[in-house]
Every structure is written in C-alpha cells, then in structure tokens.
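Structure first, commentary second.
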Amino acid sequence: MTDESRFKVSRRALLRVGVGVFAALIPARAGAQPKIAQKLVQYQEKPKGPQECDNCLHFVPPSSCKTVEGKINPKGWCQLYAPKPK
Numbered sequence: 001m002t003d004e005s006r007f008k009v010s011r012r013a014l015l016r017v018g019v020g021v022f023a024a025l026i027p028a029r030a031g032a033q034p035k036i037a038q039k040l041v042q043y044q045e046k047p048k049g050p051q052e053c054d055n056c057l058h059f060v061p062p063s064s065c066k067t068v069e070g071k072i073n074p075k076g077w078c079q080l081y082a083p084k085p086k
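Sequence positions in the sequence shown follow the numbering used here and run 1 to 86.
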C-alpha cells in the first residue's frame with residue numbers, strides 16, 4: 001500500500017465535511033450586523049427639533065441603539081433617525 005492510497009478521500013466526503021464546517025459558522029454570523037460609528041452618522045448629544053433618540057425606531061432603552069455603537073443619550077440625534085410608528 002502506497003502512502004498516496006492510504007490517505008485517499010473521496011470528493012463527496014470532502015464536500016460533506018466542508019459544507020458541515022460552513023453550516024456550523026452560519027448561525028454565529030446570522031443577524032450579527034456591525035454597528036456604525038457615531039461619527040459616521042453625525043451623532044449628537046442633543047435633539048434635532050422634535051427628533052430625538054427616545055422617539056426613534058432604533059433606540060434601545062436605557063442608552064443603546066440597534067444601529068449605532070456606543071452609549072446613546074435618549075435626547076440625542078443622528079442621521080439614521082426614524083420615527084417610531086404610532
């Protein structure tokens with residue numbers, strides 16, 4: 001028996017292992033979206049008229065945001081402001 005024949009693996013077996021490894025990585029990445037830096041969305045600590053973070057669809061009380069990284073002032077504002085549906 002040669003060294004080459006002892007380590008022969010079928011393409012099908014190799015694909016199964018590869019797909020299995022790839023499938024195991026997907027749940028870890030699914031839904032994990034990186035947040036945007038405050039500077040890039042012109043975040044500010046004060047509201048812009050009636051638009052303020054605690055009225056925004058993306059705000060997560062008490063001081064977080066679904067889309068912007070870092071601590072968020074409920075009375076702050078950024079370019080991603082989207083009013084909560086009424």
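Positions of the beta carbon are idealized from the N, C-alpha and C atoms, including for glycine.
Evaluate Val68 with the Cβ neighbour count: other Cβ atoms within 10 Å of its Cβ, from every protein chain shown; 16 or more gives buried, anything less gives exposed.
-> buried
Rounded C-alpha distance that separates Pro85 from Asn55 | 9 angstroms
If you draw a straight line from the C-alpha of Gln42 to the C-alpha of Gln33, how long is it?
-> 19 angstroms
Looking only at C-alpha atoms, which of Cys53, Gln44, Arg12 and Ile36 sits nearest to Tyr81?
-> Cys53
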